[in-house]
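End of the sequence shown sits at 597 in the working numbering; the numbers just go up one at a time, nothing left out.
Worksheet: one structure, shown below.
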Amino acid sequence: MENTEKYRGTTSELDSEAIQKLYYEYQMTNQEIADMTWSTKANVNKVLIHGIKHYTSWFMEMLSEDDEKIFRKMLMYHKFSYWNEKQQRRYLIKNSRDGKICLIYFDEKCVKCMFDEFVPEDLKTLSIVEKMNIYNEMDYEVLKCSERDSILKKECILLNGDSKQLFKKAAHKRNMKGKEYAQFLGFESCLTEKDSIRDSRIIKFFEEHMVDGVVQLSSSPENQWIRNYAHHCGMHLDEFLDFYGYKKSRRADEYVSENKNIKYKKELSKYIIEPPNIVYFSSQDKIYQTIYNVAKLNEMSIDEYILSLGYVRSKKSNTIKELTEEIDEIIDLEEQEIRKKEISENKIERNHKLIDKLKRAYDYECQLCSNEQRMPIEKQDGTKYVEVHHIKNLSEEYDEEGTLDKKGYSRPGFFGSINHYDANGKK
171 MENTEKYRGT
181 TSELDSEAIQ
191 KLYYEYQMTN
201 QEIADMTWST
211 KANVNKVLIH
221 GIKHYTSWFM
231 EMLSEDDEKI
241 FRKMLMYHKF
251 SYWNEKQQRR
261 YLIKNSRDGK
271 ICLIYFDEKC
281 VKCMFDEFVP
291 EDLKTLSIVE
301 KMNIYNEMDY
311 EVLKCSERDS
321 ILKKECILLN
331 GDSKQLFKKA
341 AHKRNMKGKE
351 YAQFLGFESC
361 LTEKDSIRDS
371 RIIKFFEEHM
381 VDGVVQLSSS
391 PENQWIRNYA
401 HHCGMHLDEF
411 LDFYGYKKSR
421 RADEYVSENK
431 NIKYKKELSK
441 YIIEPPNIVY
451 FSSQDKIYQT
461 IYNVAKLNEM
471 SIDEYILSLG
481 YVRSKKSNTI
491 KELTEEIDEI
501 IDLEEQEIRK
511 KEISENKIER
521 NHKLIDKLKR
531 AYDYECQLCS
541 NEQRMPIEKQ
551 DGTKYVEVHH
561 IKNLSEEYDE
571 EGTLDKKGYS
581 RPGFFGSINH
591 YDANGKK
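So this is what it looks like as structure tokens:
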């Protein structure tokens, strides 16, 4: 009966005004209209194009109590179509692009439509609450087969293999991109299994580390991701825990496992410079980065963490006593060297004021350079570099016997000899 009993209408019994509203406003196809009237698509198209002068009105402004109950249940359970076996009547709910609803029923005797302006307010409100005024069957199917999760308490739709394909199809049907369609469904965004850092994982992680109502985290590598993620979200770990309704333990030995503390304490004992507990290590030492990382994980300074292990960090490598002993040792060695050899040196004291005046007088041009070979180096103050640069390699200073007969000039990484010139520019 459901498939055969339809309104046996003729062209003159079709309501052109109702058909045009259903077609143009409520997204009903001409085939759907033809099916419910047992008419033909040709007749429906004729009405859409030309209209008819005489017709039986489909408009209704009131619902019976039984009809209202049926439409209410349809709205509550997200049903767009319902067949009433007892009454041999089909009930439909259609919505428009701008959020209006139309309640329709038809049987073998008539077709009746209650458009949005006549729908009772309580039913209209229910349609808005249940999204029946904007969703379609496919939208509800997507919601039914998809899971929910959230990121930073913003609810997202979680898609698996099957729901992902249906989600794409529904989004394409509405000419929307993924995020846009997710927001249309009431979510912040859409997630897939690849999006691993979700609220469900974070809450599970915190629950696994709960002791007496407090989250206790060690500094082991497997826990570092939560600190990195909190930092990525612009929060300290305390703030991040508070955001999810948790509290963090304040004791340092509850951030770092006891075994780790023992290990670092033993390692620091190698750097004691003054008993019983003063340690020193430079930033170049391997232990520095290790201790620094552990301290940072526990939101402590490096000195605070060292102090929690029972040590005091010194900023200098030696105590005053040790420095004094080293100085005395250096002096003793120096005196021994003086006793072993005698060094004589002839030194010419230069007048630096005269040198500066000569430089200015010659406009900072080297008088030994030829016109073709000038020093092009310019210093920050705008003057040219004319300091000693007439230096020969040591390889050029060997005499015929292969020995040096001139005083050498050296500095780290460079060896050469200084050529002395008189006032006339001769060696």
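Every residue, glycine too, gets a C-beta built ideally from N, C-alpha and C.
- Under the three-state reduction of DSSP output, Val289 falls in the coil class, being neither helix nor strand.
- In the same chain as Leu273, and ignoring 5 residues on each side of it, the C-beta atoms closer than 7 Å to its own belong to Phe241, Ile263, Met284, Val289, in chain order.
- If you ignore the 5 residues before and after Ile189, its C-beta comes within less than 7 Å of the C-beta of Ile203, Val214, Val217, Leu218, all in its own chain and listed in chain order.
- Distances from the alpha-carbon of Glu287 to those of Tyr247, Asn306, Glu300, Phe229 put Phe229 closest.
- When only Cα atoms are considered, Ala340 and Leu387 end up about 43 Å apart.
- For Trp253, the uninterrupted beta strand (DSSP E) segment begins and ends at 251-254.
- Counting along the chain, the unbroken beta strand (DSSP E) around Asp319 starts and ends at 317-321.
- Following the DSSP letters along the chain, one finds Glu325 inside the beta strand (DSSP E) bounded by residues 324-328.
- Cβ neighbours of Asp473 within its own chain (closer than 7 Å, five residues either side excluded): Arg483.
- Secondary structure of Glu409 (DSSP, three-state): helix.
- If the five residues before and after Ile442 are omitted, its C-beta is found closer than 6 Å to the C-beta atoms of Val449, all from its own chain and listed in chain order.
- In this structure Asn468 touches Ser389 by the C-beta definition: roughly 7 Å separates them, less than 8 Å.
- Per DSSP, reduced to three states, the secondary structure at Asn468 is coil, with no helix or strand assignment.
- In this chain, Leu184 is not harboured by any beta strand (DSSP E), its DSSP state being neither H nor E.
- The beta-carbon separation of Asn303 and Ile271, rounded to 5 Å, stays under the 8 Å limit for a contact.
- When the beta-carbon positions are compared, Tyr434 and Phe376 stay at least 8 Å from each other.
- Distance from the CA atom of Lys466 to the CA atom of Gly348, rounded to whole angstroms, is 39 Å.
- A straight-line Cα-Cα distance of about 28 Å links Gln459 and Ile372.
- Taking C-beta separations shorter than 6 Å and ignoring five residues to either side along the sequence, the partners of Lys418 in its chain run Val385, Asp408, Leu411, following chain order.
- In terms of CA proximity to Arg368, Leu322 leads the group Gln257, Leu322, Leu293.
- One Cα belongs to Cys360, the other to Tyr414, and the distance between them is close to 21 Å.
- Looking at the DSSP output, Leu361 shares a beta bridge with Leu328.
- For Tyr225, the three-state secondary structure derived from DSSP is coil.
- Beta-bridge annotation (DSSP): Val482 is paired with Ile448.
- If you look at Ile263, you'll find it in the beta strand (DSSP E) that goes 259-265.
- With contacts defined by Cβ atoms closer than 8 Å, Leu336 and Val299 do not form a contacting pair.
- Non-local C-beta neighbours of Glu231 in its own chain, meaning closer than 8 Å and more than five positions away in sequence, comprise Met284, Phe288, ordered along the chain.
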